[in-house]
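Engineer: Sharing a structure, written as structure tokens. Questions coming.
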Amino acid sequence: MKSWACAIALAMAFASSLSAQYGYFGQNKIQYRRFDWRVLRGEHVDLYYYPEEEELGRVALAYAEASYDALERRFTHAVTRRVPLIVYASHSDFEQTNILPFIPPEGLLGVTEFLKRRVALPFRGNYAEFRHTIRHELVHVFQLSLASQTFGRYPRFRQAGMPLWWTEGLAEFFSAGEDSRDEMVLRDMTIAGRLPSLPDLAYAYGGLVYPVGGSIHRFLAERYGEWRILELYNDIWKYSSFEGALAGVYGRTIDQLSDEWQYWMRQHCISSPAIPRRHSCSSRPRAATRRSTRRVSTGGGGGRWCRGSAASSSNPSTSSSRGST
Ligand SMILES: [Zn+2]
Numbered sequence: 003m004k005s006w007a008c009a010i011a012l013a014m015a016f017a018s019s020l021s022a023q024y025g026y027f028g029q030n031k032i033q034y035r036r037f038d039w040r041v042l043r044g045e046h047v048d049l050y051y052y053p054e055e056e057e058l059g060r061v062a063l064a065y066a067e068a069s070y071d072a073l074e075r076r077f078t079h080a081v082t083r084r085v086p087l088i089v090y091a092s093h094s095d096f097e098q099t100n101i102l103p104f105i106p107p108e109g110l111l112g113v114t115e116f117l118k119r120r121v122a123l124p125f126r127g128n129y130a131e132f133r134h135t136i137r138h139e140l141v142h143v144f145q146l147s148l149a150s151q152t153f154g155r156y157p158r159f160r161q162a163g164m165p166l167w168w169t170e171g172l173a174e175f176f177s178a179g180e181d182s183r184d185e186m187v188l189r190d191m192t193i194a195g196r197l198p199s200l201p202d203l204a205y206a207y208g209g210l211v212y213p214v215g216g217s218i219h220r221f222l223a224e225r226y227g228e229w230r231i232l233e234l235y236n237d238i239w240k241y242s243s244f245e246g247a248l249a250g251v252y253g254r255t256i257d258q259l260s261d262e263w264q265y266w267m268r269q270h271c272i273s274s275p276a277i278p279r280r281h282s283c284s285s286r287p288r289a290a291t292r293r294s295t296r297r298v299s300t301g302g303g304g305g306r307w308c309r310g311s312a313a314s315s316s317n318p319s320t321s322s323s324r325g326s327t
């Protein structure tokens, strides 16, 4: 079992970004090979690649620009900065990245850095996974851009920290949707009565935040409308806490939303005379199977969000606690 976790410090966009080398035992990473970096410029994205992966770079740029256009429509927001997207031809090449101050574990699929809003990811031989990760990370770029816009307008605003189930769940909701493993995990938790409550997820950082957060976003969009997502980003400056912003935008307390989501899950996952099953656990067609691995963790640790996967684990872990950071 591979298990890896970014340290969590989800102070969105305000966490200072580590410098490229900082924290690596005071030394630069060993560079086993020198990359001859080139740039492909799209309409919104600067794609960094090296000659050995030129074809992959062109594919990545096409994916990224298509994702940008889709996300611009869904967020009704334009990112004003160009997006640096750095692609590595393999995980071993990715290990040399200076965007991370540590050697990325094999399960790490991609990362978005807060300060320079750079996205970096390796190609692991699976184009569906590659495309999913690019869009997932670009959702984070939009989230950071929205936060930056809020700070620009309301400089005295102190950010109400967003939990990972919101940020990562939205990245999943807007990227590829659930796969069969996600649905299995969600169905199992629902049938076993082990669905976490939204307040319990406040500090959760394990792999569970992806399928659970995505499911919560699907519920919120279906019940209250997707437009409220942007409303929350636009209005969060009015509130001192994320829970307050949720209540203001959705007109329900977080406990009420939690109960409604859990009931919605039971409706979707359990077939019984009392609760007729409406659909599958996923309220929309599942994403085509895109990987045989499982995401394990993300986090805002050290000023970045990550997307990871891990193979051969059957016990999705989550860690949640209230009243601690
Ligand atoms: Zn993420």
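Sequential numbering of the sequence shown, starting at 3, is according to this note's numbering. Beta carbons: idealized from backbone N, C-alpha and C, even for Gly.
Find out if the Cβ-Cβ distance for the pair A247, L234 is shorter than 7 Å.
Structural biologist: Yes. Within cutoff.
Engineer: T295 by DSSP, collapsed to three states: which one?
Structural biologist: With a pLDDT of 37 at T295, under the threshold of 50, the modelled position of that residue is not reliable, and the figure given next carries that caveat. In this structure, T295 counts as coil in the three-state DSSP scheme.
Engineer: In chain order, which alpha helix (DSSP H) runs of at least 4 residues are fully inside the region 44 to 84?
Structural biologist: 56 to 77
Engineer: Considering just the uninterrupted stretch of the beta strand (DSSP E) at E115, what are its terminal residues?
Structural biologist: Judged by DSSP secondary structure, E115 falls within the beta strand (DSSP E) whose first and last residues are L110 to E115.
Engineer: At the level of alpha carbons, what is the spacing between G59 and L42?
Structural biologist: Taking C-alpha positions only, G59 is separated from L42 by approximately 8 Å.
Engineer: Would A91 and F125 qualify as a contact pair, given that the criterion is a beta-carbon distance under 7 Å?
Structural biologist: Yes, they are a contact pair.
Engineer: Go through its chain and collect everything with a Cβ distance to S199's Cβ below 6 Å, but skip five positions before and after it.
Structural biologist: S260
Engineer: With DSSP as the reference, label R40 as helix, strand or coil.
Structural biologist: strand
Engineer: Taking the Cβ atom as the reference point for each residue, do I101 and E115 lie within a distance shorter than 7 Å?
Structural biologist: Taking the C-beta atoms as reference points, E115 is found nearer than 7 Å to I101.
Engineer: Go ahead and label A289 buried or exposed: buried means 16 or more other beta carbons lie within 10 angstroms of its beta carbon, across all protein chains shown.
Structural biologist: For A289, the pLDDT reaches just 45, beneath the cut-off of 50, and the residue's location in the model is therefore unreliable, although a value from the coordinates is still provided. The residue is buried, with at least 16 neighbouring Cβ atoms inside 10 Å.
Engineer: Have a look at S177 and T255 and give me their C-alpha separation to the nearest angstrom.
Structural biologist: 27 Å
Engineer: On the DSSP bridge list, what partners appear for N86?
Structural biologist: Going by the sequence as given, residue 86 is Pro instead of Asn. Its beta-bridge partners are D48.
Engineer: Counting Cβ pairs closer than 8 Å, one from the region 143 to 162 and one from the region 180 to 194, do we hit at least three?
Structural biologist: no
Engineer: Starting from L123, follow its DSSP beta bridges and name the residues at the other end.
Structural biologist: V89
Engineer: Here's the rule: buried if 16 or more other CB atoms are within 10 angstroms of the residue's CB, otherwise exposed. What is E57?
Structural biologist: So E57 counts as exposed.
Engineer: Determine the direct distance from the alpha carbon of L117 to that of L73, and round the result to whole angstroms.
Structural biologist: L73 and L117 have their C-alpha atoms spaced approximately 21 Å apart.
Engineer: Cβ-heavy atom distance between A149 and ligand 1 below 6 Å?
Structural biologist: no
Engineer: Look at the Cβ atom of E170, then the Cβ atom of V211, and state whether they are nearer than 7 Å.
Structural biologist: Yes; because the gap between Cβ atoms is below 7 Å, this pair is in contact.
Engineer: In three-state terms, what does DSSP make of N236?
Structural biologist: helix
Engineer: Output the distance between the C-alpha atoms of V48 and E262, rounded to the nearest integer angstrom.
Structural biologist: In the sequence as displayed, the identity of residue 48 is Asp instead of Val. Using only the alpha carbons, I get a separation of about 42 Å.
Engineer: Could you check whether the Cβ of E115 sits closer than 6 Å to any heavy atom belonging to ligand 1?
Structural biologist: no
Engineer: Indicate the three-state DSSP secondary structure (helix, strand or coil) for P157 in the structure shown.
Structural biologist: coil
Engineer: Hey, how far is the Cα of A122 from the Cα of L87?
Structural biologist: 6 Å
Engineer: Are there any heavy atoms of ligand 1 lying less than 6 Å away from the beta-carbon of I204, as far as the coordinates show?
Structural biologist: Ile is not the amino acid found at residue 204; the sequence shown has Ala there. The answer is no for A204.
Engineer: If we ignore side chains and look at the alpha-carbon of each, how far apart do L232 and P53 end up?
Structural biologist: If you take the alpha carbons of L232 and P53, they lie about 39 Å apart.
Engineer: Taking 7 Å as the threshold (C-beta atoms), are Y51 and V113 in contact?
Structural biologist: no
Engineer: Shorter than 6 Å, the distance from the beta carbon of A66 to the closest heavy atom of ligand 1, or not?
Structural biologist: no
Engineer: Secondary structure at E228, three-state DSSP: helix, strand or coil?
Structural biologist: coil
Engineer: How far does the alpha helix (DSSP H) with R183 in it extend, from its first residue to its last?
Structural biologist: S182 to I193
Engineer: Got a sec? Which residues, its chain only, sit under 7 Å from W39 by beta carbon, not counting five neighbours each side?
Structural biologist: Y50 and Y52
Engineer: At a cut-off of 6 Å, is A178 close to ligand 1 when judged by its beta-carbon and the heavy atoms of the ligand?
Structural biologist: no
Engineer: Spatial neighbours of R137 within its chain, please: C-beta separation below 6 Å, excluding the five flanking residues on both sides.
Structural biologist: S69 and S177
Engineer: Which value, in whole angstroms, describes the spacing of the CA atoms of Y252 and Y226?
Structural biologist: Cα to Cα, Y252 sits roughly 7 Å from Y226.
Engineer: Give the secondary structure of G250 by DSSP, where H, G and I count as helix, E and B as strand, and everything else as coil.
Structural biologist: helix
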